[in-house]
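Reading through the structure tokens given below for one structure.
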Amino acid sequence: MCGRFVVAGAASDLVEMFDIDLVADDLPQPSFNVAPTDRVPVVIDTIPKGADPDDEPVRRLESARWGLVPAWAKDVKVGVTAFNARIESAAEKSHFKNAVKKRRAIVPATGYYEWKTVGEVKTPHFIHLPEGELFVFAGLYEWWRNPAEADDSPNKWLISTSILTREATGELAGIHDRMPVFLSPELLDEWLDPHTEGEEDLLAEISHGGEEVAERVQFHVVDRAVGNVRNNSPELMRPVEHGEPA
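Going left to right, the sequence shown walks through residues -7 to 238 as my numbering numbers them.
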């Protein structure tokens, strides 16, 4: 978890919902089968370059590659398997610890897919909140400077992201042993604020806060077509009567 999710809404909806100040030009289109290395919308708070460090941060909606590439990486491929970060160890892992301190993000999602394994049979489920409410996944982000690009190239800098995960609770534990860290609305500003030092206490706070969100989730079996990244349509979210092996 989490290896596939859905962002069905338009970018304009996110701008209003999260009170965005700056919007990137390259935001991805809605997707019903987001996979690692795809572009996803993320919300971040940053202090503008040259501003006083104590100034209020600017809230930005950016397009990020799903799979965090740390600043020290020599190749973008380092991020291929880093689409999730375990909250229990993220503050110590060299891949994520710098982002935990200052570069925290949120990843809005309509819902996500998870596979329940019984014996050799894997059955995909779509997990969502009631009445179309968005999940807000707690995430991390980094900027990576591409050494192969010229300084004036628009592709010089890559922003990438990972979704934090934790031990699953409640009914979700019956599907998979891990779940995303769901960020409660009360903790959103604190999580994004670059003035807030990312430490174990903050991670524990958001992890615990997400348990209340997890109690409200709904889920149903979906068609195994979701297992193929080339399939991307609203039909992937629809319930099916009987699950088939994925």
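From the three backbone atoms N, C-alpha and C, an ideal C-beta is built for every residue, glycine too. If you're wondering where the values come from, they're calculated on a predicted model, not measured in any experiment.
- Unbroken alpha helix (DSSP H) runs of no fewer than 4 residues, entirely contained in the segment 128 to 214, are found at 180 to 184 and 192 to 206, following chain order.
- Taking C-alpha positions only, Val214 is separated from Lys89 by approximately 36 Å.
- By the Cβ test, the segment 126 to 135 is not in contact with the segment 13 to 28, since fewer than three Cβ pairs between them sit closer than 8 Å.
- By the Cβ criterion, the segment 143 to 155 is not in contact with the segment 117 to 124, since fewer than three pairs of Cβ atoms, one from each stretch, lie closer than 8 Å.
- Around the CB of Ala63, fewer than 16 other CB atoms lie within 10 Å, so the residue is classed as exposed.
- Within the segment 28 to 113, the runs of beta strand (DSSP E) at least 3 residues long that lie entirely inside it are, in chain order, 31 to 38, 50 to 58, 76 to 78, 96 to 101 and 103 to 110.
- About 23 Å separates the beta carbons of Leu60 and Ser176, which is beyond the 8 Å limit, so they are not a contact pair.
- Counting other Cβ atoms within 10 Å of its Cβ, Gly111 stays below 16 and is therefore classed as exposed.
- DSSP lists Tyr104 and Phe211 as the bridge partner or partners of Ile119.
- DSSP places Arg230 outside both helix and strand once states are collapsed to three, so it counts as coil.
- Shown here for Thr102: same chain residues with a beta carbon closer than 7 Å to its own, the five before and five after excluded, namely Val(-2), Val(-1), Ala0, Gly1, His120 and Leu126 in chain order.
- The three-state reading of DSSP puts Leu14 in strand, counting E and B together.
- In this model, Glu84 and Ala77 are separated by some 11 Å (Cα to Cα).
- Put simply, of Asn138, Gly42, Thr38 and Arg51 the residue whose alpha carbon is nearest the alpha carbon of Ala65 is Asn138.
- Cβ contact annotation for Pro49 (same chain, cutoff 7 Å, sequence separation greater than five): Asp37, Thr38, Ile39, Asp185 and Pro186, in chain order.
- Of the residues Pro22, Val7 and Cys(-6), the one whose Cα lies closest to the Cα of Ser225 is Pro22.
- Note on Asp30: 16 or more other CB atoms within 10 angstroms of its CB, so buried under the neighbour-count rule.
- Exclusion of the five residues before and after Arg(-4) leaves Asn25, Val26, Ala27, Tyr104, Tyr105 and Val218 as the residues of its chain whose Cβ lies within less than 7 Å of its Cβ.
- In the DSSP assignment, Val7 falls within the alpha helix (DSSP H) that extends over Ala3 to Met9.
- When secondary structure is reduced to three states using DSSP, Arg216 falls in the helix class.
- Around the beta carbon of Met9, a 10 Å sphere encloses fewer than 16 other beta carbons of the protein chains shown; the residue is thus reported as exposed.
- Taking the C-beta atoms as reference points, Ile98 is found no nearer than 8 Å to Val173.
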